[in-house]
Amino acid sequence: MAKTQPDSCGLGPAFQVIGGKWKALILWLVHTEPRRFGELKRLVPDISEKMLIQQLREMEADGLVHREVFHQVPPRVEYSATPLGQSLDDALVPLANWGKQHGAAIEARKTNAA
(Lines of atoms letter the chains of each structure in order from A and count residues from 1; the text may use other names and numbers.)
(Lines give C-alpha, C1' and ligand atoms only; values in the text may rest on other atoms or scores of the structure.)
Protein backbone atom coordinates (compact mmCIF):
# COMPACT_ATOMS: atom_id res chain seq x y z
CA MET A 1 0.00 0.00 0.00
CA ALA A 2 1.45 3.38 -1.05
CA LYS A 3 1.94 5.92 1.68
CA THR A 4 0.22 9.25 0.94
CA GLN A 5 2.65 12.15 0.89
CA PRO A 6 1.59 15.58 2.17
CA ASP A 7 2.01 17.14 -1.30
CA SER A 8 0.25 14.32 -3.16
CA CYS A 9 -2.53 16.72 -4.18
CA GLY A 10 -0.01 18.56 -6.39
CA LEU A 11 0.21 21.75 -4.37
CA GLY A 12 3.68 20.94 -3.02
CA PRO A 13 5.52 21.23 -6.34
CA ALA A 14 3.52 24.31 -7.31
CA PHE A 15 4.23 26.13 -4.05
CA GLN A 16 7.85 25.02 -4.21
CA VAL A 17 8.41 27.10 -7.37
CA ILE A 18 5.98 29.96 -6.69
CA GLY A 19 6.22 30.25 -2.89
CA GLY A 20 7.05 33.51 -1.22
CA LYS A 21 5.77 37.02 -1.43
CA TRP A 22 6.97 38.10 -4.88
CA LYS A 23 7.14 35.26 -7.41
CA ALA A 24 3.44 35.10 -8.30
CA LEU A 25 3.38 38.86 -8.87
CA ILE A 26 6.54 38.78 -10.98
CA LEU A 27 5.15 35.90 -13.05
CA TRP A 28 1.90 37.83 -13.53
CA LEU A 29 3.85 40.84 -14.79
CA VAL A 30 5.93 38.91 -17.35
CA HIS A 31 3.21 36.58 -18.62
CA THR A 32 1.74 39.01 -21.15
CA GLU A 33 4.89 40.71 -22.44
CA PRO A 34 8.64 40.72 -21.86
CA ARG A 35 9.71 43.14 -19.13
CA ARG A 36 13.04 44.79 -18.47
CA PHE A 37 14.55 44.71 -14.99
CA GLY A 38 13.99 48.44 -14.36
CA GLU A 39 10.38 48.13 -15.44
CA LEU A 40 9.81 45.26 -13.01
CA LYS A 41 11.45 47.29 -10.24
CA ARG A 42 9.04 50.18 -10.92
CA LEU A 43 6.00 47.87 -11.10
CA VAL A 44 6.91 46.23 -7.76
CA PRO A 45 8.13 49.24 -5.77
CA ASP A 46 8.24 47.49 -2.37
CA ILE A 47 10.77 44.85 -3.49
CA SER A 48 14.47 45.53 -3.03
CA GLU A 49 16.79 45.25 -6.01
CA LYS A 50 18.62 42.37 -4.33
CA MET A 51 15.37 40.45 -3.73
CA LEU A 52 14.14 41.04 -7.29
CA ILE A 53 17.42 39.70 -8.68
CA GLN A 54 17.21 36.66 -6.39
CA GLN A 55 13.59 35.92 -7.28
CA LEU A 56 14.25 36.24 -11.02
CA ARG A 57 17.28 33.92 -10.78
CA GLU A 58 15.27 31.30 -8.88
CA MET A 59 12.40 31.54 -11.35
CA GLU A 60 14.83 31.19 -14.26
CA ALA A 61 16.43 28.13 -12.61
CA ASP A 62 12.96 26.61 -12.10
CA GLY A 63 12.13 27.14 -15.77
CA LEU A 64 9.35 29.68 -15.18
CA VAL A 65 11.09 32.72 -16.65
CA HIS A 66 13.33 33.19 -19.66
CA ARG A 67 16.12 35.78 -19.45
CA GLU A 68 17.20 37.22 -22.78
CA VAL A 69 20.33 39.35 -22.99
CA PHE A 70 20.60 41.81 -25.87
CA HIS A 71 24.23 42.59 -26.62
CA GLN A 72 24.05 46.29 -27.28
CA VAL A 73 25.15 49.52 -25.63
CA PRO A 74 23.77 50.00 -23.07
CA PRO A 75 23.16 46.30 -22.31
CA ARG A 76 19.53 45.26 -22.19
CA VAL A 77 17.94 42.25 -20.48
CA GLU A 78 14.31 41.17 -20.79
CA TYR A 79 12.37 38.61 -18.78
CA SER A 80 9.41 36.68 -20.14
CA ALA A 81 7.31 33.72 -19.07
CA THR A 82 8.26 30.32 -20.46
CA PRO A 83 5.53 27.86 -21.48
CA LEU A 84 5.92 26.27 -18.01
CA GLY A 85 5.61 29.69 -16.37
CA GLN A 86 2.59 30.53 -18.52
CA SER A 87 0.87 27.29 -17.49
CA LEU A 88 1.52 28.08 -13.82
CA ASP A 89 0.23 31.63 -14.31
CA ASP A 90 -2.94 30.21 -15.90
CA ALA A 91 -3.36 27.93 -12.88
CA LEU A 92 -3.05 30.93 -10.53
CA VAL A 93 -5.94 32.84 -12.16
CA PRO A 94 -8.66 31.08 -10.10
CA LEU A 95 -6.65 31.76 -6.94
CA ALA A 96 -6.38 35.44 -7.88
CA ASN A 97 -10.13 35.56 -8.52
CA TRP A 98 -10.74 34.02 -5.10
CA GLY A 99 -8.52 36.68 -3.54
CA LYS A 100 -10.41 39.48 -5.28
CA GLN A 101 -13.73 38.02 -4.16
CA HIS A 102 -12.79 37.46 -0.51
CA GLY A 103 -9.96 39.93 0.14
CA ALA A 104 -12.10 42.65 1.74
CA ALA A 105 -13.74 40.18 4.14
CA ILE A 106 -10.38 38.74 5.16
CA GLU A 107 -8.97 42.22 5.85
CA ALA A 108 -12.09 43.13 7.85
CA ARG A 109 -11.62 40.05 10.06
CA LYS A 110 -7.99 40.96 10.66
CA THR A 111 -8.95 44.52 11.59
CA ASN A 112 -11.69 43.32 13.98
CA ALA A 113 -9.34 40.79 15.60
CA ALA A 114 -6.71 43.45 16.35
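Heads up, the sequence shown is in full-length UniProt numbering, so the first residue is 1 and it goes up one at a time.
Glycine included, C-beta positions come from ideal geometry on N, C-alpha and C.
In this text, all values refer to a predicted model and were calculated from it rather than measured experimentally.
Asked: So for Ser87, helix, strand or coil by DSSP?; Found: helix
Asked: Pull up the distance between the alpha-carbon of Ile47 and that of Cys9, whole angstroms please.; Found: 31 angstroms
Asked: Around the Cβ of Asp89, are there at least 16 other Cβ atoms within 10 angstroms (buried) or fewer (exposed)?; Found: buried
Asked: To the nearest angstrom, how far is the alpha carbon of Ile26 from that of His66?; Found: 12 angstroms
Asked: Going by DSSP, what residue range makes up the alpha helix (DSSP H) through Ala14?; Found: Leu11 to Ile18
Asked: Does the stretch 92 to 106 touch the stretch 50 to 59, meaning 3 or more C-beta pairs lie closer than 8 angstroms?; Found: no
Asked: So residue 174 and Glu33 are in contact, right, with Cβ under 8 angstroms, and what is the actual spacing, rounded?; Found: This structure gives no information on residue 174, because the portion of the chain shown stretches from 1 to 114.
Asked: If you compare alpha carbons, which of Pro45, Ser87, Arg35 and Leu11 is closest to Val69?; Found: Arg35
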